[in-house]
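Trainee: This is the structure I want to talk about, given as structure tokens.
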Amino acid sequence: MTTAATQERRRFADLLDEIGPDAPTLCGDWTTRDLAAHIVIRDRRPDAMPGILSSKFAGYTDKVQAQLTKSDEYSEIVTKVREGAPFWSPTRIDAVDRTTNTAEFFVHLEDIRRAQPKWKPRELDVELTKDLYAVLKRGAKMMARKAPAGITLAPTGHASLVANDQEPMVVVSGPVGELVLWLYGRQAHSQVSYDGPADAVEALRTASFGI
């Protein structure tokens with residue numbers, strides 16, 4: 012079975028091939044080469060994974076990533092991204108792939124797309140939208156726990172979700188994919204609308220509470 016996460020991985024690799032190694036992304040000063048290397052490490056270097064999850068171990072992860080970008084040709088890195096994790100990885104199981112990789116590849120694909128001039132929103136297919144809504148249901152409360160205001164997510168065509176139950180409350184509305192990007196810290200680049208007190212809205216627009 013091909014999951015929506017697998018399809019997003021392929022689209023991500025295709026865009027990496029198309030746009031080249033030195034294009035900007037929304038991930039700080041990372042280029043497409045850096046972002047591709049990040050994915051390879053995530054797939055293939057469990058020893059470097061702690062640094063992705065915690066700043067305490069980031070130094071080692073950064074070192075591994077830097078070595079990869081210097082030792083491998085860009086085309087080799089993209090090939091590894093496209094091939095995915097090795098056979099022994101749990102993400103080879105469809106259910107695990109769906110849970111761990113759907114948001115990862117959707118967000119990072121948009122990190123490249125939306126850093127380029129004249130980008131346009133994509134029309135997401137039903138399967139990807141369903142899996143991204145599951146991402147919201149599963150992770151919204153955890154990711155919004157440090158938000159400076161209450162958050163109710165109102166995804167188009169789906170039931171609303173309370174991500175942070177405090178006052179003042181702000182309703183953030185938009186397509187499912189846009190809300191995923193918003194919750195993952197891409198507030199400035201997601202197409203959402205706000206309904207709530209002006210000061211709370213402004214706090215959420217600029218807060219660093221996502222991933």
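Using the numbering used here, count along the sequence shown one by one with no gaps and you end on 222. Beta carbons: idealized from backbone N, C-alpha and C, even for Gly. This structure is a prediction, so every number in the text was calculated from the model and none was measured.
(1) Give the straight-line distance between the Cα atoms of residue 55 and residue 73, rounded to the nearest whole angstrom.
(2) Express the C-alpha separation of residue 139 and residue 186 in angstroms, rounding to a whole number.
(3) Under three-state DSSP, which class holds residue 145?
(4) Quick one: grab the DSSP three-state call for residue 35.
(5) Could you tell me if residue 98 is buried or exposed, where buried requires 16 or more neighbouring beta carbons within 10 angstroms of its beta carbon?
(6) Does DSSP put residue 174 in a helix, a strand or coil?
(7) Between which residues of its own chain and residue 27 is the CB-CB distance below 7 angstroms, once the five residues before and five after are set aside?
(8) Are the beta-carbon atoms of residue 117 and residue 143 separated by less than 8 angstroms?
(9) Between residue 22 and residue 95, which are expected to be in contact by the criterion C-beta below 8 angstroms, what is the C-beta distance as a whole number of angstroms?
(10) Between the C-alpha atoms of residue 13 and residue 105, what's the straight-line distance to the nearest angstrom?
Mentor: Answer, in terms of the structure:
(1) 15 angstroms
(2) 12 angstroms
(3) helix
(4) strand
(5) exposed
(6) strand
(7) 43, 47, 89 and 92
(8) yes
(9) Going by Cβ atoms, the distance from residue 22 to residue 95 rounds to 13 angstroms, so no, they are not a contact pair.
(10) 8 angstroms
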